[in-house]
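Below is one structure, written out as C-alpha cells, with a few remarks after it.
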Amino acid sequence: MYKLSALELKKLFLSKKVSAEEITRYYLNRIASLDNDVKAFIEVLEVRALKKAKLLDQRFHQNKPIGKMAGIPVALKDNMNIEDVVTTCGSNILKNYKAPFSATIVKNLEEEDAIIIGKTNLDEFAMGSSTEHSAFFPTKNPWDLKSVPGGSSGGSAAAVCARMTPISFGSDTGGSIRQPAAFCGIYGFKPTYGRVSRYGLVAYASSMDQIGPFANSCLDIALAMESIAKHCKKDSTSLNLPAESYLENLPKDLKKIKIGVPFKFLENLTSKMQKNFSSSLELFKRLGAEIIDIDLDILKYSIPAYYILATAEASTNLSRFDGIRYGLRSKNATNIEEVYSLSRDEGFGFEVKRRILLGTYVLSAGYQDAYYKKAQKVRTLIIDAFEKAFSTCDLVAIPTSPDSCFELGSIADPIQMYLQDFFTIPANLAGLPGISLPSGFDENNKPLGTQLLAPQLQDVKLVRCASVFESNTKEFRRIPPLADKEF
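Its first residue numbered 3, the sequence shown is counted upward by one per residue in the numbering used here.
Listed below in C-alpha cells is the structure:
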C-alpha cells in the first residue's frame, strides 16, 4: 500500500477491498518500523486514529455519506491545535500544553473523513530551515539520514517522503513547506495567503503564515486543497470564497501558458542547480509552454526585508508565552518579574530568542523608521514587481532552494541558514501561491526541486499546471531505499 497515492488508497477503500482500520494500522506499523531512524513524529495518535477509522468503517457499511478524504491517513505539523492533544510547537515552553480546541484545518479534515495519525516535528515555533532547532530532536532526511529534511516543516515532509503517511500538512511562513519538499523529493504547496484558515495555527508571523499540504503526487495535493480551502469565520484573514475543484479539467499540456523566468536574478546559481533548473525549463518547453524573461531583481532584497518583518511579528506573537496563562512556568521564579523572565529563558530555544531580540529591536523607538517601515516599503515593491511580471506571464519558475539538502550540523552561521530560503521567501512577502516540484537528483542521489509561482487566487491553475509536469517526470517518483519495503 505504501506505493499508492492517497487517491488510490481512497479508491481501494470505496471498493471495499480494504477497510479504513486496515489502512490506518498499516501506516501506524510503518511509523513504528521507520520513525526510530527518521524522527518525523513528535506524537503518534494511535488510539485516536483507530477510533476514527472504526467509526468510518461503520458509517460506510451503513451507506451513510462519507467525505472526500475517506480512509486517508494524514499527519499535522505540531503547531496546529487538536482538542485535548498536546501542541508543543517543538518548544519546551509548550511541551505540556494540551489544546482546548481544534484548528479549523482539523475540523475540515475530519469532516472529510481523513484520519489524523500524528503530530510531526518542526523547528521551534517554525523558526528554522532544517528541523534541527526542535527542542526535542532533529528530524533526518529519509534519503540520507546524515542530512536534514529541510524546515521548518521537516517532520511533515520526512513522514510523506518515507511513506509513513500519504499526505501531511505544514505551515509556510518563508518557505517552510516548499523547501523541505524539495529536500525530500516530494510535492509541497503553499496556497494564496488567506485561502486556508489559520485559526488554531500557533502564529509565527501572522501576515505570512499559511497552511498547506505535502504529498507524493500533485493530484493528492489537489485532493487536500479541495478539503481544506474553505472560508472560516473565526479567521479575519480567511478569504470568503467558494470551494474550488482542483481535480476536474486537468490539462494534458502547457500550450498557451507563458512561464516567466528572472534570468538575471538567477545568474549566481551553482552549476548543479543551474543544470537541474535548465532541464526543468526544457521540459516546460516540450510540454508547450513559452518561456519568457522577466525582471524580478528586487527579490534580492527579500531576505533582509523578511527577517525584519517576520521577526517583528514574532516578537509580538510570542509575548503571550509569559509563564502565566499557559505553558512552562519556571520553578526557580520567586516573584512575578522572574516568572516572566525565567519562564521565557528556560522555555525558549536559542534561535527563537535570537529572532525575538531582533524583532523587538527593529520595533523599538528610534529604529522602527530605519528598519521596520523601510522593510514594509520593500515588501510593497516586491508585490508590485510580481504584479508587473504576471501582466506578461501566467506563472513564474525559479529553483526551490539554492542547493540540495545539507548534512546535520554543517551550517553553524545563522545568515547561511537564513539564505536557504532565498527563493521561497518572495512568495510569502507577496502572498502568492507556490509549489515545489521534484525535478531530479544530484550526483549524491539527493533530491532537487523546481518551484512554480502564480498570481494570488490562481491556486487551481497552478496545481493543474504542476500536474502536467508531474505526469511527464515519472523517473523522479523514487522512494528512498530506507522506506521502499514492506514491514
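Quick reminder that beta carbons are idealized off the backbone N, C-alpha and C, glycines included. What you are looking at is a predicted structure, and each value in this text was computed from that prediction instead of being measured.
{"Check": "Spatial neighbours of residue 191 in its chain, beta-carbon cut-off 6 Å, leaving aside the 5 residues before and after", "Outcome": "214, 215, 223, 437"}
{"Check": "Residue environment, residue 244, which counts as buried when at least 16 other CB atoms sit within 10 Å", "Outcome": "exposed"}
{"Check": "Beta-carbon spacing of residue 261, residue 399 below 8 Å", "Outcome": "yes"}
{"Check": "Validate contact between the stretch 17-34 and the stretch 94-112 using beta carbons, cut 8 Å, 3 pairs", "Outcome": "no"}
{"Check": "Cβ neighbour criterion (16 or more within 10 Å) applied to residue 139", "Outcome": "exposed"}
{"Check": "Delimiting residues of the alpha helix (DSSP H) encompassing residue 417", "Outcome": "416-420"}
{"Check": "Contact check, residue 178 vs residue 150, beta carbons under 8 Å", "Outcome": "no"}
{"Check": "Span separating the alpha-carbon of residue 498 from that of residue 91", "Outcome": "There is simply no residue 498 to check, as the chain begins at 3 and stops at 489 in what is shown."}
{"Check": "Beta-carbon proximity list for residue 227, same chain, < 6 Å, skipping 5 on both sides", "Outcome": "248"}
{"Check": "Buried versus exposed, by CB contacts within 10 Å (16 or more), residue 336", "Outcome": "exposed"}
{"Check": "Three or more C-beta pairs below 8 Å linking the stretch 421-435 and the stretch 373-386", "Outcome": "yes"}
{"Check": "Proximity winner among 8, 286, 36, relative to residue 76 (alpha-carbon distances)", "Outcome": "8"}
{"Check": "Alpha-carbon spacing of residue 340 relative to residue 313, whole angstroms", "Outcome": "24 Å"}
{"Check": "Contacting residues, own chain, Cβ-Cβ under 6 Å from residue 319 (five flanking each side not counted)", "Outcome": "205"}
{"Check": "Residues near residue 211 in its chain [Cβ-Cβ closer than 7 Å; skip 5 each side]", "Outcome": "173, 175, 200, 203, 205"}
{"Check": "Reduced DSSP category for residue 80 - H, G, I as helix; E, B as strand; rest coil", "Outcome": "coil"}
{"Check": "Nonlocal neighbours in the same chain, by C-beta distance under 8 Å from residue 98, ignoring five residues either side", "Outcome": "88, 329, 330"}
{"Check": "Beta-carbon gap between residue 404 and residue 421 smaller than 8 Å", "Outcome": "yes"}
{"Check": "Residues that residue 169 bridges to, as DSSP identifies them", "Outcome": "76, 217"}
{"Check": "Stretch-stretch touch, CB-based, cutoff 8 Å, three pairs: the stretch 284-299 with the stretch 62-78", "Outcome": "no"}
{"Check": "Three CB pairs or more closer than 8 Å across the stretch 298-317 and the stretch 275-284", "Outcome": "no"}
{"Check": "Boundaries (first-last residue) of the beta strand (DSSP E) holding residue 263", "Outcome": "260-263"}
{"Check": "Unbroken beta strand (DSSP E) run spanning residue 43, endpoints", "Outcome": "43-46"}
{"Check": "Unbroken stretches of the beta strand (DSSP E), 3 residues or longer, contained in the stretch 298-368", "Outcome": "none"}
{"Check": "Cβ-Cβ distance between residue 141 and residue 157 below 8 Å", "Outcome": "yes"}
{"Check": "Beta-carbon gap between residue 160 and residue 20 smaller than 8 Å", "Outcome": "no"}
{"Check": "Exposure label - residue 346; buried when at least 16 CB within 10 Å", "Outcome": "buried"}
{"Check": "Contact under 8 Å by Cβ, residue 356 with residue 306", "Outcome": "no"}
{"Check": "Ranges of the beta strand (DSSP E) found wholly within the stretch 440-484, counting only runs of at least 3", "Outcome": "449-455"}
{"Check": "Sufficient close CB pairs (3 or more, under 8 Å) joining the stretch 255-273 to the stretch 461-473", "Outcome": "yes"}
{"Check": "Reference residue 207, options 153, 115, 286, 317, closest by Cα", "Outcome": "317"}
{"Check": "Straight-line gap, residue 491 to residue 274 (C-alpha atoms, nearest Å)", "Outcome": "Nothing about residue 491 can be read from this structure; the chain reaches only from 3 to 489."}
{"Check": "Candidates 285, 250, 302: closest to residue 268 by CA position", "Outcome": "302"}
{"Check": "Sheet register partners of residue 398 (DSSP bridge)", "Outcome": "262, 455"}
{"Check": "Three-state secondary structure (DSSP) of residue 150", "Outcome": "coil"}
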